[in-house]
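The structure appears below as structure tokens.
Numbering (our numbering), first residue to last: 829 to 1303.
This is the structure we're talking about:
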């Protein structure tokens, strides 16, 4: 009656563990790395004077004022907008030239752009060839793709003053004065959806990798299309003009931090535990560098597991908890993880020694109220097995429990604290509370396969080497 009561309660409460089994037909939602938002702003102005002398005689004077303004924003799921405006006004002895270019772009989501370019030229020279708007053109460029990846972080404030004298052989000289002020900012935000079952509250270990390159500008065509191959979304300003090409030097991985989670290690990896079903900021940052591009590697999610083994005294559904040879059966457990060795190097070997091996609690002599002992059960047989997902912090807690049983074993009693209590306690220590309360291995095993049947089954199988379960009561 007890067995059926437990099974009925699980159905009524909606907590039947079989519904939370990981199978090929019912996979966890995978992690997703994506660009959450991109914002860029450039404001630049340049004043240039150019006076040409032939010997000691003044020949020509040119004054030029150039302005450049760019604003771009894009957000995942909602798209954005891009606007770029330039104006170049030149006044010299031969007249005035005004030249303006406006780029108006709608940025879609997922990233894609539609480009509309409007050009206006206004010539007003001494010969009166044109007064007012001389030309107005509109060009449609169709769809293209935003420059992702690489991604960029930038905050540059550039004041430049350049006074130069150029000799003109056999003729004279040219005095040039250039004053430029530019502010250029780019902010790219990266997010990671950690995935997992909708019901999961676990914190799994992630391995995050990144690279970064400190950028330096190269002069390039002033009006190069900013979406052209190899160019970033908007130009960078340097002495003498706009630039869109860049070169750079690699930044040491240990100078790169990921969100608020810390810096990469010497191997270029940051290991951190993140909750399932979360959306977290994993933007790379480099301190004291004002312009850098970056790339994020595909995040690696490492699961951890609790394995529960039972050797029944009478294999099957019998509730007789001992065999004809007075064998009462056995229950034992194992903690394991997919995390690589590099991720475990900062965990004490006093804990990792218990990782990846099955352990069982035994009486040191007799069955009733005797000192207990923890043994390695690598070679112990079993006829029932269930495996469960646990979080990485839960794994460490479970290893602490196992070490505690080893260092200070409690008193063993067949009718008190026995192998089943120790195995259940290991699960409890790992925040896995959906386990049977039976005290004999025989009945514990029967209830276990009722609580966690394989997908499509009401009960069983006994030895399930394929499926991995979430606890029906994880917290």
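Using N, Cα and C, we set each Cβ at its ideal position, and we do this for glycine too. Quick caveat: nothing in here was measured; it's all calculated off a predicted structure.
**Request:** Mark residue 1218 as exposed unless 16 or more other C-beta atoms lie within 10 angstroms of its C-beta, in which case mark it buried.
**Result:** For the purposes of this step, residue 1218 is taken as residue 390 along the chain shown, with counting starting at 1. By the neighbour-count rule (16 or more Cβ atoms within 10 Å), residue 1218 is buried.
**Request:** Indicate the three-state DSSP secondary structure (helix, strand or coil) for residue 970 in the structure shown.
**Result:** Indexing the chain shown from 1 puts residue 970 at position 142. With a pLDDT of 44 at residue 970, under the threshold of 50, the modelled position of this residue cannot be trusted, and the question is left open.
**Item:** Presumed contact (8 Å Cβ cut-off) between residue 1150 and residue 1141, rounded CB distance
**Value:** Residue mapping note: residue 1150 aligns to position 322 of the chain shown, counting from 1. Residue mapping note: residue 1141 aligns to position 313 of the chain shown, counting from 1. Their Cβ separation, rounded to whole angstroms, is 5 Å, which keeps residue 1150 and residue 1141 in contact under 8 Å.
**Request:** Indicate whether the contact test is met: 3 or more Cβ pairs, each with one atom in the segment 1229-1247 and one in the segment 1187-1206, closer than 8 Å.
**Result:** The segment 1229-1247 vs the segment 1187-1206: in contact.
**Item:** CA-to-CA distance, residue 1015 to residue 1214, given in whole angstroms
**Value:** Here residue 1214 is taken as the residue at index 386 of the chain shown, counted from 1. Here residue 1015 is taken as the residue at index 187 of the chain shown, counted from 1. Answer to the nearest angstrom: the Cα atoms are 47 Å apart.
**Distance between residue 1168 and residue 1099 (C-alpha atoms, nearest Å)** = Counted from its first residue, the chain shown places residue 1099 at position 271. Counted from its first residue, the chain shown places residue 1168 at position 340. Here the alpha carbon of residue 1099 sits roughly 10 Å from the alpha carbon of residue 1168.
**Item:** Cβ pair residue 893, residue 913 closer than 9 Å
**Value:** On the chain shown, position 65 is the one that residue 893 refers to. On the chain shown, position 85 is the one that residue 913 refers to. Against a cut-off of 9 Å, the Cβ pair of residue 913 and residue 893 comes out as no contact.
**Request:** Give the straight-line distance between the Cα atoms of residue 970 and residue 1120, rounded to the nearest whole angstrom.
**Result:** Here residue 970 refers to the residue found at position 142 when the chain shown is read from its first residue. Here residue 1120 refers to the residue found at position 292 when the chain shown is read from its first residue. Only weak support is given to the placement of residue 970: the predicted model assigns it a pLDDT of 44, under 50, and the value that follows is read from those uncertain coordinates. Between the alpha carbons of residue 970 and residue 1120 lies a gap of roughly 30 Å.
**Request:** Check whether the Cβ atoms of residue 1337 and residue 1258 sit closer than 9 Å, and answer yes or no.
**Result:** Past the boundaries of the shown model lies residue 1337; the chain is included only from 829 to 1303, so the question cannot be answered.
**Message:** Alpha carbons only, please: which of 1081, 905, 1116, 910 is nearest the one belonging to residue 870?
**Reply:** Numbered from its first residue, the chain shown carries residue 870 at position 42. If we check each option's Cα against that of residue 870, 910 comes out closest.
**For residue 1248, the three-state DSSP class (helix, strand or coil)** = On the chain shown, residue 1248 is found 420 positions in, with the first residue counted as 1. It is helical.
**Request:** Classify residue 1265 as buried or exposed, calling it buried when 16 or more other Cβ atoms lie within 10 Å of its own Cβ.
**Result:** Within the chain shown, residue 1265 is the residue found at index 437, counting from 1. The residue is exposed, with fewer than 16 neighbouring Cβ atoms inside 10 Å.
**Asked** Whose CA, out of 1117, 1134, 1212, 1024, lies closest to the CA of residue 1361?
**Response** As displayed, the chain neither begins before 829 nor continues past 1303, which places residue 1361 out of reach and without an answer.
**Item:** Local Cβ density within 10 Å of residue 874, reported as buried at 16 or more and exposed below that
**Value:** As a working mapping, residue 874 is identified with position 46 in the chain shown. Residue 874 is buried by the Cβ-count criterion.
**Prompt:** From this set, 1157, 980, 1205, 1021, which residue's C-alpha is nearest residue 1271's C-alpha?
**Reply:** Looking up residue 1271 in the chain shown gives position 443. The option with the nearest alpha carbon to residue 1271 is 1157.
**From 1104, 1197, 1115, residue whose alpha carbon lies closest to that of residue 1081** = Counted from its first residue, the chain shown places residue 1081 at position 253. From the listed residues 1104, 1197, 1115, the smallest Cα separation to residue 1081 is found for 1115.
**Asked** Do residue 862 and residue 908 come within 9 Å of each other at the CB atom, strictly closer than that value?
**Response** Indexing the chain shown from 1 puts residue 908 at position 80. Indexing the chain shown from 1 puts residue 862 at position 34. The criterion of a C-beta distance shorter than 9 Å is not satisfied by residue 908 and residue 862.
**Asked** Roughly how many angstroms separate the alpha carbons of residue 1297 and residue 1031, rounded to a whole number?
**Response** Counting from 1 along the chain shown, the entry for residue 1297 is found at position 469. Counting from 1 along the chain shown, the entry for residue 1031 is found at position 203. The alpha-carbon separation between residue 1297 and residue 1031 amounts to approximately 16 Å.
**CB of residue 1166 within 9 Å of CB of residue 1131, strictly** = Mapped onto the chain shown, residue 1166 falls at position 338. Mapped onto the chain shown, residue 1131 falls at position 303. Yes, the Cβ-Cβ distance between residue 1166 and residue 1131 is below 9 Å.
**Request:** Indicate whether residue 1239 and residue 1200 have their beta-carbon atoms separated by less than 9 Å.
**Result:** On the chain shown, residue 1239 is found 411 positions in, with the first residue counted as 1. On the chain shown, residue 1200 is found 372 positions in, with the first residue counted as 1. Yes. Within cutoff.
**Asked** Roughly how many angstroms separate the alpha carbons of residue 1242 and residue 1019, rounded to a whole number?
**Response** Counting from one through the chain shown, the residue named residue 1242 turns up at place 414. Counting from one through the chain shown, the residue named residue 1019 turns up at place 191. Those two C-alpha atoms are separated by around 52 Å.
**Request:** Give me the Cβ distance between residue 1006 and residue 876, rounded to the nearest whole Å; I'm assuming they're in contact under 8 Å.
**Result:** For this step, residue 1006 is matched to residue 178 along the chain shown. For this step, residue 876 is matched to residue 48 along the chain shown. Yes, they are in contact, since the Cβ atoms of residue 1006 and residue 876 sit about 5 Å apart, within 8 Å.
**Prompt:** Skipping 5 residues on each side, what residues in its chain have a beta carbon closer than 6 Å to that of residue 1143?
**Reply:** As a working note, residue 1143 is residue 315 in the chain shown. Answer for residue 1143: 1211, listed in chain order.
**Asked** How would you call residue 860, buried or exposed, if buried means at least 16 neighbouring beta carbons within 10 angstroms?
**Response** Position 32 of the chain shown, counted from the start, is the residue given in the question as residue 860. Residue 860 should be labelled exposed.
**Message:** Can you tell me whether residue 1292 is buried or exposed? The criterion is at least 16 other CB atoms within 10 Å of its CB, across all chains shown.
**Reply:** As a position in the chain shown, residue 1292 is number 464, starting the count at 1. Label assigned to residue 1292: buried.
**Prompt:** Just reading off the beta strand (DSSP E) that residue 1204 is part of, what are its end residues?
**Reply:** Working through the chain shown from its first residue, we reach residue 1204 at position 376. Unbroken beta strand (DSSP E) run through residue 1204: 1198-1204.
**Prompt:** How would you call residue 973, buried or exposed, if buried means at least 16 neighbouring beta carbons within 10 angstroms?
**Reply:** Taking the chain shown and counting its residues from 1, the one referred to as residue 973 is at position 145. Its pLDDT being 47, under 50, residue 973 is placed unreliably by the model, and the measurement read from it follows with that caveat. When all chains shown are included, residue 973 counts as exposed.
**Message:** Is there a C-beta anywhere in chain C that falls below 9 Å from the one on residue 1105?
**Reply:** In summary, chain C is missing from the structure at hand, where a single protein chain is found.
**Request:** Output the distance between the C-alpha atoms of residue 1109 and residue 1029, rounded to the nearest integer angstrom.
**Result:** Within the chain shown, numbered from 1, the residue matching residue 1109 stands at position 281. Within the chain shown, numbered from 1, the residue matching residue 1029 stands at position 201. It is roughly 19 Å from the alpha-carbon of residue 1109 to the alpha-carbon of residue 1029.
**Residue burial classification, residue 1094 (beta-carbon count within 10 angstroms, cutoff 16)** = By 1-based counting over the chain shown, the position of residue 1094 is 266. Under a 10 Å Cβ-count criterion, residue 1094 is classified as exposed, with fewer than 16 other Cβ atoms of the shown protein chains found around its own Cβ.
**Message:** Are the CB atoms of residue 979 and residue 1124 within a distance shorter than 9 Å?
**Reply:** Numbered from 1 along the chain shown, position 296 holds the residue referred to as residue 1124. Numbered from 1 along the chain shown, position 151 holds the residue referred to as residue 979. For residue 1124 and residue 979, yes; Cβs fall inside 9 Å.
**Request:** Within its chain, find whatever has a CB closer than 6 Å to the CB of residue 895; leave out the 5 residues flanking it on each side and keep chain order.
**Result:** Residue mapping note: residue 895 aligns to position 67 of the chain shown, counting from 1. So the qualifying residues of the chain are 873, 915.
**Request:** May I ask you to report which of helix, strand or coil DSSP gives residue 1093?
**Result:** Indexing the chain shown from 1 puts residue 1093 at position 265. In the structure shown, residue 1093 sits in coil (DSSP, three-state: anything other than H, G, I, E or B).
**Asked** Between the C-alpha atoms of residue 1145 and residue 1274, what's the straight-line distance to the nearest angstrom?
**Response** Your numbering for residue 1145 matches position 317 in the chain shown. Your numbering for residue 1274 matches position 446 in the chain shown. Roughly 6 Å separates the two Cα atoms.
**Residue range of the unbroken alpha helix (DSSP H) whose run includes residue 1193** = Here residue 1193 refers to the residue found at position 365 when the chain shown is read from its first residue. Boundaries for residue 1193: no alpha helix (DSSP H) harbours it, and the DSSP string shows neither H nor E there.
**Request:** Might you give, ordered along the chain, the residues of its own chain that have their beta carbon closer than 6 Å to the beta carbon of residue 919, omitting 5 neighbours on each side?
**Result:** Start at 1 with the first residue of the chain shown, and residue 919 comes out as number 91. The answer, listed in chain order, is 891.
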